[in-house]
Amino acid sequence: MTSPRASEDFPLRRRAVVEALLMDRGGLLVVAGLGAPAWDVAAMGDSDLDFPLWGAMGGAVMIGLGLALAQPERRVLVITGDGEMLMGIGSLATVAVCAPINLAIVVLDNESYGETGMQPTHTASGADLAAMAQAAGFPVSALVRDEEALASAVNLACDARGPVFVAIKIRAESPPLVLPPRDGEILKQRFRAALQ
Amino acid sequence: MRQTAEDWPGHVHRVLADAEARQIAYVPDSGLTRLIALCRADPTMTMVPLTSEQEGVALLAGAWLGGQRGALLMQGSGIGNCVNMLSLTTVCRFPLLIIATMRGETGETNPWQLLMGSIASDVLGLAAVGVRRAETADAVGAAVAEAAREAFDGPAASAVLIAQAVIGIKSFDDD
Numbered sequence: 551m552t553s554p555r556a557s558e559d560f561p562l563r564r565r566a567v568v569e570a571l572l573m574d575r576g577g578l579l580v581v582a583g584l585g586a587p588a589w590d591v592a593a594m595g596d597s598d599l600d601f602p603l604w605g606a607m608g609g610a611v612m613i614g615l616g617l618a619l620a621q622p623e624r625r626v627l628v629i630t631g632d633g634e635m636l637m638g639i640g641s642l643a644t645v646a647v648c649a650p651i652n653l654a655i656v657v658l659d660n661e662s663y664g665e666t667g668m669q670p671t672h673t674a675s676g677a678d679l680a681a682m683a684q685a686a687g688f689p690v691s692a693l694v695r696d697e698e699a700l701a702s703a704v705n706l707a708c709d710a711r712g713p714v715f716v717a718i719k720i721r722a723e724s725p726p727l728v729l730p731p732r733d734g735e736i737l738k739q740r741f742r743a744a745l746q
Numbered sequence: 003m004r005q006t007a008e009d010w011p012g013h014v015h016r017v018l019a020d021a022e023a024r025q026i027a028y029v030p031d032s033g034l035t036r037l038i039a040l041c042r043a044d045p046t047m048t049m050v051p052l053t054s055e056q057e058g059v060a061l062l063a064g065a066w067l068g069g070q071r072g073a074l075l076m077q078g079s080g081i082g083n084c085v086n087m088l089s090l091t092t093v094c095r096f097p098l099l100i101i102a103t104m105r106g107e108t109g110e111t112n113p114w115q116l117l118m119g120s121i122a123s124d125v126l127g128l129a130a131v132g133v134r135r136a137e138t139a140d141a142v143g144a145a146v147a148e149a150a151r152e153a154f155d156g157p158a159a160s161a162v163l164i165a166q167a168v169i170g171i172k173s174f175d176d177d
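Chains as they are written, first to last, in my numbering: chain A, 551 to 746; chain B, 3 to 177.
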């Protein structure tokens, strides 16, 4: 058994956070990082304007950047996990250089690698993703720990002038799996068709 | 401007512009200096400097999702940094156009470049990326034009490796 961890008692729950982010999504374009963030987005209902990842760890933010640059009139939201974000941490500096005003990144930070046995990520030892984003040059960066701060974080993610970074501390838990389609070519084609 | 064999960067820039490559992702190499400058001066192109080459593979997937084309410029050693991210390209059949200037070939003076110099082409092939080598300056533009057609009409992943003989040898000797 692993020892009890602080993140097991965090008040915010991942599915409720994603519901708050997506319930009034309108034409929002969503990239979901591999693992639980992709399942969370799928749990809100399968959408052609979601691009959920089953791999490509470390790439979610950059996919969001390419999409945001190509579609400057659309809002792009990347929802990913702390482990996935850490693997592509340099991409925060790349986003800051490009400074797309229509891109927001939300990291669901449970301080754990949830798909591989809940081993602690570096954020469990204090790595501060919001501070790293700010230091990389993000004009808007926030760390959210409770319900009270969540509403303003949703506004930041969905409406504030970007690039926006929000890290949300969520409870380490494994809600029931809701799987998106796993055929990448279908995900790609339907996303492009829905944008036409 | 009259086109000469020595002006391969000018030729490649025109090929990229004609192919409507809008997002130009790069990790710089000395051999790419002029091409990067030409792309930067082109108002139809958005430059995306990367911290690591794999970022460019993911960026161009996102660009294509949003309806734009692009290209990834790097030194050949960066091929190794791309490998796992190429699963995104392969499984979703995203177009990918890579232009890489090679190190670790004839006359290399830095032994740390030799490994990727010797395996970059094979690594790309194993990852289902088509490879063209341009051995001379006047072959580069045509190779990029073919690779661009293959990438965007496919879609397919396609790379052009520009031989170190075209770029020259980096010297570490004091003159």
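Idealized CB from N, CA, C, for every residue including glycine.
- Item | Interfacial residues, the segment 41-57 of chain B to chain A, with Cβ spacing under 9 Å | T48, M49, V50, P51, L52, T53, S54, Q56 and E57
- Kindly identify the DSSP beta-bridge partner or partners of K719/A. Position 169 of the first sequence, counted from the start, is the residue given in the question as residue 719/A. For K719/A, which the question treats as bridged, DSSP gives the partners D659/A.
- Query: Leaving out five residues before and five after Q669/A in sequence, what residues of the same chain have Cβ atoms less than 6 Å from its Cβ?
  - Reply: In the first sequence, the residue the question calls residue 669/A occupies position 119. These residues qualify, in order along the chain: Y663.
- Would you mind working out which of F96/B, S79/B, A43/B and R24/B sits nearest K738/A, comparing C-alpha positions? What you label residue 738/A is simply residue 188 of the first sequence in a count that begins at 1. Answer by Cα proximity: F96/B.
- Hey, A707/A and V656/A: beta-carbon distance below 8 Å or not? Residue 707/A sits at position 157 when you count from the first residue of the first sequence. Residue 656/A sits at position 106 when you count from the first residue of the first sequence. Yes. Within cutoff.
- Item | Contact between the segment 723-739 of chain A and the segment 559-566 of chain A (3+ Cβ pairs under 8 Å) | yes
- Task: For C94/B, return the contacting residues in chain A, with the cut-off set at a CB-CB distance below 8 Å.
- Result: As a working note, residue 94/B is residue 92 in the second sequence. Result: G734, E735, L737 and K738.
- Task: Taking a Cβ distance cut-off of 9 Å, strictly less, list which residues of the segment 593-609 of chain A are near chain B, in chain order.
- Result: F601, L603, W604, G605, A606, M607, G608 and G609
- Closer than 8 Å to chain B by CB, M551/A: Locating residue 551/A in the first sequence gives position 1, where the first residue counts as 1. Residue confidence is low: M551/A scores 49 on pLDDT, short of 50, so the model does not pin down where it sits. No coordinate-derived value is stated.
- Where do the N-terminal and C-terminal ends of the alpha helix (DSSP H) with A161/B fall, by residue? For this step, residue 161/B is matched to residue 159 along the second sequence. Run containing A161/B: none in the alpha helix (DSSP H); it sits in the beta strand (DSSP E), A159 to I164.
- Query: Is the distance from the Cβ of A646/A to the Cβ of A680/A below 8 Å?
  - Reply: The residue labelled residue 646/A in the question sits at position 96 within the first sequence. The residue labelled residue 680/A in the question sits at position 130 within the first sequence. Contact: no.
- Let me know the secondary structure DSSP gives Q56/B once reduced to three states. Here residue 56/B is taken as the residue at index 54 of the second sequence, counted from 1. Correct three-state label for Q56/B: helix.
- Looking only at DSSP bridge pairs, what is G631/A linked to? Stepping through the first sequence from its first residue, residue 631/A is reached at position 81. L658/A, per the DSSP bridge assignment.
- Message: 8 Å is my cut-off, CB to CB: does M87/B come that close to chain A?
- Response: By one-based count along the second sequence, residue 87/B stands at place 85. So, interface residue.
- Whose Cβ in chain B lies nearer than 9 Å to the Cβ of R742/A? For the purposes of this step, residue 742/A is identified with residue 192 of the first sequence, where counting begins at 1. What R742/A touches in chain B: W66, L67, G68 and G69.
- Message: Once DSSP output is grouped into helix, strand and coil, what is the label at L603/A?
- Response: By one-based count along the first sequence, residue 603/A stands at place 53. In this structure, L603/A counts as coil in the three-state DSSP scheme.
- Query: beta strand (DSSP E) containing Q77/B: first to last residue?
  - Reply: Along the second sequence, one-based indexing puts residue 77/B at 75. Note, Q77/B: beta strand (DSSP E), R71 to Q77.
- Task: Can you tell me which of the three DSSP states G640/A falls into?
- Result: Your numbering for residue 640/A matches position 90 in the first sequence. In this structure, G640/A counts as helix in the three-state DSSP scheme.
- Query: So, does the CB of V647/A fall closer than 8 Å to a CB anywhere in chain B?
  - Reply: If you number the first sequence from 1, residue 647/A lands on position 97. Yes, its Cβ sits closer than 8 Å to a Cβ of chain B.
- Can V125/B and G82/B be called in contact, C-beta distance under 8 Å? Sequence index remark: in the second sequence, residue 125/B carries index 123 (1-based). Sequence index remark: in the second sequence, residue 82/B carries index 80 (1-based). Yes, the Cβ-Cβ distance between V125/B and G82/B is below 8 Å.
- Task: State the CB to CB distance for the pair R105/B and Q166/B, rounded to an integer number of angstroms; the pair is presumed to be in contact (CB under 8 Å).
- Result: To locate residue 105/B, count along the second sequence from 1; it is residue 103. To locate residue 166/B, count along the second sequence from 1; it is residue 164. Yes, they are in contact, since the Cβ atoms of R105/B and Q166/B sit about 6 Å apart, within 8 Å.
- What residue does the beta strand (DSSP E) around I81/B start on, and which one ends it? As a working note, residue 81/B is residue 79 in the second sequence. Careful: I81/B lies outside any beta strand (DSSP E) and carries neither H nor E.
- Determine whether the Cβ of A60/B lies closer than 8 Å to any Cβ atom of chain A. Here residue 60/B refers to the residue found at position 58 when the second sequence is read from its first residue. Yes, contact with chain A.
- Message: On a Cα-Cα basis, can you pick out the residue from R575/A, G585/A and S557/A that is closest to P510/A?
- Response: One cannot answer for residue 510/A here, as it falls past the ends of chain A, which runs 551 to 746.
- Task: Compute the beta-carbon to beta-carbon distance between R135/B and L116/B, rounded to the nearest angstrom, for a pair I have assumed lies under 8 Å.
- Result: Sequence index remark: in the second sequence, residue 135/B carries index 133 (1-based). Sequence index remark: in the second sequence, residue 116/B carries index 114 (1-based). Wrong, their Cβ atoms sit about 17 Å apart, outside the cutoff.
- Task: Check the Cβ-Cβ distances between L126/B and every residue of chain A, and say whether any is below 8 Å.
- Result: What you label residue 126/B is simply residue 124 of the second sequence in a count that begins at 1. By this cut-off, L126/B is not an interface position.
- Proximity winner among V29/B, G58/B and F154/B, relative to A21/B (alpha-carbon distances): Reading the second sequence from its first residue, position 19 is the one you call residue 21/B. Answer by Cα proximity: F154/B.
- Task: Find the residues of chain A that neighbour L18/B, judging by a C-beta separation of less than 9 Å, and give them in chain order.
- Result: Locating residue 18/B in the second sequence gives position 16, where the first residue counts as 1. Those within 9 Å of L18/B in chain A number zero; the least Cβ separation is about 16 Å.
- Message: The alpha helix (DSSP H) that contains L98/B, what's its start and end?
- Response: Stepping through the second sequence from its first residue, residue 98/B is reached at position 96. Not the alpha helix (DSSP H): L98/B falls in the beta strand (DSSP E), residues L98 to T103.
- Query: Would the segment 28-38 of chain B and the segment 49-58 of chain B be scored as touching if the rule is three or more Cβ pairs under 8 Å?
  - Reply: yes
- Exposure label - F174/B; buried when at least 16 CB within 10 Å: On the second sequence, position 172 is the one that residue 174/B refers to. Exposed, because fewer than 16 other Cβ atoms sit within 10 Å of the Cβ of F174/B.
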